[in-house]
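What follows is a set of notes on a single structure, which appears directly below.
Protein chains: 2
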Amino acid sequence: MNNFDGLLEKVKACATKKVAVAVAQDDAVLEAVMAAKERNIAEAILVGDADKIHEVAASINMDLSGFEVIDVKDNTEAALTAVKLVHDGKADMYMKGLIDTKGFLKSVLDKEVGLRTGKPLSHVALFEVAGYEKMFFLADVAFIPYPTLEDKVGIINNTVEVAHACGVACPKVAPLAAVEVVNPKMPATVEADALTKMNEEGQITGCIVDGPLSMDLAIDPEAARHKGATGRKIVGDADILLFPDIHAGNITYKTLVHTAKVKNGCILTGTKAPVILTSRSDSFETKVNSIALAAIVAEEMSK
Amino acid sequence: MNNFDGLLEKVKACATKKVAVAVAQDDAVLEAVMAAKERNIAEAILVGDADKIHEVAASINMDLSGFEVIDVKDNTEAALTAVKLVHDGKADMYMKGLIDTKGFLKSVLDKEVGLRTGKPLSHVALFEVAGYEKMFFLADVAFIPYPTLEDKVGIINNTVEVAHACGVACPKVAPLAAVEVVNPKMPATVEADALTKMNEEGQITGCIVDGPLSMDLAIDPEAARHKGATGRKIVGDADILLFPDIHAGNITYKTLVHTAKVKNGCILTGTKAPVILTSRSDSFETKVNSIALAAIVAEEMSK
Numbered sequence: 001m002n003n004f005d006g007l008l009e010k011v012k013a014c015a016t017k018k019v020a021v022a023v024a025q026d027d028a029v030l031e032a033v034m035a036a037k038e039r040n041i042a043e044a045i046l047v048g049d050a051d052k053i054h055e056v057a058a059s060i061n062m063d064l065s066g067f068e069v070i071d072v073k074d075n076t077e078a079a080l081t082a083v084k085l086v087h088d089g090k091a092d093m094y095m096k097g098l099i100d101t102k103g104f105l106k107s108v109l110d111k112e113v114g115l116r117t118g119k120p121l122s123h124v125a126l127f128e129v130a131g132y133e134k135m136f137f138l139a140d141v142a143f144i145p146y147p148t149l150e151d152k153v154g155i156i157n158n159t160v161e162v163a164h165a166c167g168v169a170c171p172k173v174a175p176l177a178a179v180e181v182v183n184p185k186m187p188a189t190v191e192a193d194a195l196t197k198m199n200e201e202g203q204i205t206g207c208i209v210d211g212p213l214s215m216d217l218a219i220d221p222e223a224a225r226h227k228g229a230t231g232r233k234i235v236g237d238a239d240i241l242l243f244p245d246i247h248a249g250n251i252t253y254k255t256l257v258h259t260a261k262v263k264n265g266c267i268l269t270g271t272k273a274p275v276i277l278t279s280r281s282d283s284f285e286t287k288v289n290s291i292a293l294a295a296i297v298a299e300e301m302s303k
Numbered sequence: 304m305n306n307f308d309g310l311l312e313k314v315k316a317c318a319t320k321k322v323a324v325a326v327a328q329d330d331a332v333l334e335a336v337m338a339a340k341e342r343n344i345a346e347a348i349l350v351g352d353a354d355k356i357h358e359v360a361a362s363i364n365m366d367l368s369g370f371e372v373i374d375v376k377d378n379t380e381a382a383l384t385a386v387k388l389v390h391d392g393k394a395d396m397y398m399k400g401l402i403d404t405k406g407f408l409k410s411v412l413d414k415e416v417g418l419r420t421g422k423p424l425s426h427v428a429l430f431e432v433a434g435y436e437k438m439f440f441l442a443d444v445a446f447i448p449y450p451t452l453e454d455k456v457g458i459i460n461n462t463v464e465v466a467h468a469c470g471v472a473c474p475k476v477a478p479l480a481a482v483e484v485v486n487p488k489m490p491a492t493v494e495a496d497a498l499t500k501m502n503e504e505g506q507i508t509g510c511i512v513d514g515p516l517s518m519d520l521a522i523d524p525e526a527a528r529h530k531g532a533t534g535r536k537i538v539g540d541a542d543i544l545l546f547p548d549i550h551a552g553n554i555t556y557k558t559l560v561h562t563a564k565v566k567n568g569c570i571l572t573g574t575k576a577p578v579i580l581t582s583r584s585d586s587f588e589t590k591v592n593s594i595a596l597a598a599i600v601a602e603e604m605s606k
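Residue numbers (this note's numbering), protein chains in the order written: chain B, 1 to 303; chain V, 304 to 606.
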């Protein structure tokens, strides 16, 4: 599986998954779950103000007959109702609707009905980039601002699980930096080296970690050969790109979306079930791809 | 001037500039200066081991008859000889050949014959990106690891000078971050806001600064409109992209080069004359574009 078409094929081969949507009266979110249903990616349970959900659905000519709608007018209550469906196993993944991120995350972290696992939460963005055979898993471009070394271990573990679910048996993890050598004046390079050692010592498993790496040595085999990197485990063939902090990650993420030819999808991980937290500015296809990515991960978690 | 073709036209209209090359016995550098000469971008003075320069030139079928060659066998001495040509006004810009970056920068900073100005040195990368009407000036993606607020003022001043030289009368400067709002837990956003205020107060001039900005709001007018940013001075129309640190800058730089359709060129600024410090992995066209960018800046400095 090295592109989104392959991922969608894989999803269709799984048992149908269900996404519970918190505060579902949002046109873009309804369009995405309708497309997900039509393409056999996932079913949806729509929790929110039923009148408004029907009103929004009518405005986009959406037929709600195939969807379960649960009427909860209050946003906080709607989110808790939706997340409880996932918590109780009645749905397989959890999606944000017309509720602010803070309120949505509060429901994700709710001690009684939420999706806490004790693991750190982190964001994974999956990219198909024109000209590249592999897909890239970017982490963390949206959730943890300045990850500590311990946070980075958690981010790697979460992202490796997603990669495994996507069929990458032993993903290559590149802790990125501006340079590919350890520089004591650049903490990101020191931590990248520590992560590499922890992987060699068996403290980080299920993957191969090799850093610090510059972006070109991580993703471009030709650049890696040209620079003559020897004795490295990653030579332009990274699967997972680990960013030093949220600024580097987010700016790179948006650079890819706005300047390269890409397809992408994102989920929040470290939770009992995958969480879909797309933003207003994400495209329709990105929202659908995110549901598909969540479904693949939910399938792996159900095994 | 909104692409490299325009920049090359502008260079041809200027008086011919001369580049002094330090340790010129490098095939890629000789190819670039030969192309620069053929395209009327710049002449070159080649300083280094003359035997080796002739040998390398022969290996790439390069005719040296139009070039002044100065025979200095020792690399350190060759660099000092070359930089002195620029220092003394016998050449207009200074270029790195087959010498390590450290040794090359030592010559740039030499107190007697170097190119110090008292201003901080910083790196400027100019990008033409397919699909965008404007060119983007990225700073600093290669020189200052973790710029302080004061460094950022210096980087902006240096980069604004380059933008002016390229015909952008009042460049829009976007101090980038993961988010577009000030967050006290994210120093990059606090500093971006401070830079904006300093610009409003007249401490940073010749440009419009507006930050913090996320990458999409900085470069993509459609994304900026979609997110409904109001009261901002930059709405997807930034010229200068200021990065929070070298990791964010360098990873973005390499992401652009390796995933988008771009043309680019880079120089080191803050010096008495523009310095060309391309790396081995830069393409031939990038090296030629860098000479052209340096020539435009040298022309402006000569006024």
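Backbone N, C-alpha and C define an ideal beta-carbon position, used for all residues, glycine too. Fair warning: this is a prediction, and the values are worked out from it, not measured in the lab.
Per-residue DSSP class, three states only, for residue 599 of chain V: Numbered from 1 along the second sequence, position 296 holds the residue referred to as residue 599 of chain V. Helix.
Nearest-angstrom beta carbon gap, residue 562 of chain V and residue 425 of chain V [assumed within contact, 8 Å]: The residue you call residue 425 of chain V lines up with position 122 of the second sequence. The residue you call residue 562 of chain V lines up with position 259 of the second sequence. Not quite, the Cβ-Cβ distance comes to about 25 Å (not below 8 Å), so this is no contact.
Opening and closing residue of the alpha helix (DSSP H) in which residue 158 of chain B lies: In the first sequence, residue 158 of chain B corresponds to position 158, counting from 1. Taken as a continuous stretch (DSSP letters only), the alpha helix (DSSP H) holding residue 158 of chain B covers 149-165.
Any beta strand (DSSP E) of 3 or more consecutive residues that is wholly inside the segment 35-115 of chain B: Entirely contained in the segment 35-115 of chain B, the beta strand (DSSP E) runs reaching 3 residues are, in chain order, 42-48, 68-71, 93-96.
Listed by chain order, chain B residues near residue 559 of chain V by CB distance under 9 Å: Reading the second sequence from its first residue, position 256 is the one you call residue 559 of chain V. 255, 259, 260, listed in chain order.
In DSSP terms, what residue 173 of chain B is bridged to: Looking up residue 173 of chain B in the first sequence gives position 173. In the DSSP output, where bridge partners are listed per residue, residue 173 of chain B has B/209, B/240.
Length of the line joining the Cα atoms of residue 497 of chain V and residue 521 of chain V: Numbered from 1 along the second sequence, position 194 holds the residue referred to as residue 497 of chain V. Numbered from 1 along the second sequence, position 218 holds the residue referred to as residue 521 of chain V. Cα to Cα, the separation comes out at about 17 Å.
Local conformation of residue 441 of chain V per DSSP, three classes: Stepping through the second sequence from its first residue, residue 441 of chain V is reached at position 138. The answer is strand: DSSP assigns residue 441 of chain V an E or B state.
Integer Cβ distance of residue 473 of chain V from residue 509 of chain V, believed to fall under 8 Å: Position 170 of the second sequence, counted from the first residue, corresponds to residue 473 of chain V. Position 206 of the second sequence, counted from the first residue, corresponds to residue 509 of chain V. That pair is a contact at about 7 Å.
Whole-angstrom distance between residue 21 of chain B and residue 36 of chain B, CA atom to CA atom: The residue labelled residue 36 of chain B in the question sits at position 36 within the first sequence. The residue labelled residue 21 of chain B in the question sits at position 21 within the first sequence. Distance between the alpha carbons of residue 36 of chain B and residue 21 of chain B is about 13 Å.
Closest Cα partner of residue 418 of chain V within the set V/605, V/603, V/582, V/576: If you number the second sequence from 1, residue 418 of chain V lands on position 115. Measuring from the Cα of residue 418 of chain V, the nearest candidate turns out to be V/576.
Buried or exposed (CB count within 10 angstroms, at least 16 for buried), residue 117 of chain B: The residue given as residue 117 of chain B occupies position 117 in the first sequence. Around the beta-carbon of residue 117 of chain B, fewer than 16 other beta-carbon atoms lie within 10 Å, marking it exposed.
Cβ neighbour criterion (16 or more within 10 Å) applied to residue 264 of chain B: To locate residue 264 of chain B, count along the first sequence from 1; it is residue 264. Buried, because 16 or more other Cβ atoms sit within 10 Å of the Cβ of residue 264 of chain B.
Supposed contact pair residue 512 of chain V and residue 476 of chain V - C-beta distance, whole angstroms, cut 8 Å: Here residue 476 of chain V corresponds to residue number 173 of the second sequence, with the count starting at 1. Here residue 512 of chain V corresponds to residue number 209 of the second sequence, with the count starting at 1. The Cβ separation is near 5 Å, so the contact holds.
Outcome for residue 492 of chain V when other beta-carbon atoms lying within 10 angstroms are tallied against a minimum of 16: By 1-based counting over the second sequence, the position of residue 492 of chain V is 189. Residue 492 of chain V is buried by the Cβ-count criterion.
Separation of residue 103 of chain B from residue 587 of chain V, as counted between CA atoms: By 1-based counting over the second sequence, the position of residue 587 of chain V is 284. By 1-based counting over the first sequence, the position of residue 103 of chain B is 103. Approximately 52 Å, taken between the alpha carbons.
At least 3 beta-carbon pairs within less than 8 Å: the segment 381-400 of chain V vs the segment 312-323 of chain V: yes
Cβ of residue 585 of chain V within 8 Å of any chain B Cβ: As a first step, residue 585 of chain V must be located in the second sequence, where it is residue number 282. No, residue 585 of chain V does not count as interfacial toward chain B.
8 Å Cβ cutoff, residue 605 of chain V in contact with chain B: For the purposes of this step, residue 605 of chain V is taken as residue 302 along the second sequence, with counting starting at 1. Cβ-Cβ to chain B under 8 Å: no for residue 605 of chain V.
Residue span of the alpha helix (DSSP H) that contains residue 567 of chain V, given as start and end: On the second sequence, residue 567 of chain V is found 264 positions in, with the first residue counted as 1. Not the alpha helix (DSSP H): residue 567 of chain V falls in the beta strand (DSSP E), residues 565-572.
Length of the line joining the Cα atoms of residue 483 of chain V and residue 546 of chain V: Position 180 of the second sequence, counting from 1, holds the residue named residue 483 of chain V. Position 243 of the second sequence, counting from 1, holds the residue named residue 546 of chain V. Roughly 13 Å between the two C-alpha positions.
Under 8 Å between C-beta atoms of residue 444 of chain V and residue 343 of chain V: In the second sequence, counting from the first residue as 1, residue 444 of chain V sits at position 141. In the second sequence, counting from the first residue as 1, residue 343 of chain V sits at position 40. Taking 8 Å as the Cβ cut-off, residue 444 of chain V and residue 343 of chain V do not qualify as a contacting pair.
Span of the alpha helix (DSSP H), counted from its first residue to its last, around residue 200 of chain B: The residue given as residue 200 of chain B occupies position 200 in the first sequence. Residue 200 of chain B -> alpha helix (DSSP H) spans 187-200.
Whole-angstrom distance between residue 94 of chain B and residue 88 of chain B, CA atom to CA atom: What you label residue 88 of chain B is simply residue 88 of the first sequence in a count that begins at 1. What you label residue 94 of chain B is simply residue 94 of the first sequence in a count that begins at 1. The alpha-carbon atoms of residue 88 of chain B and residue 94 of chain B are separated by roughly 12 Å.
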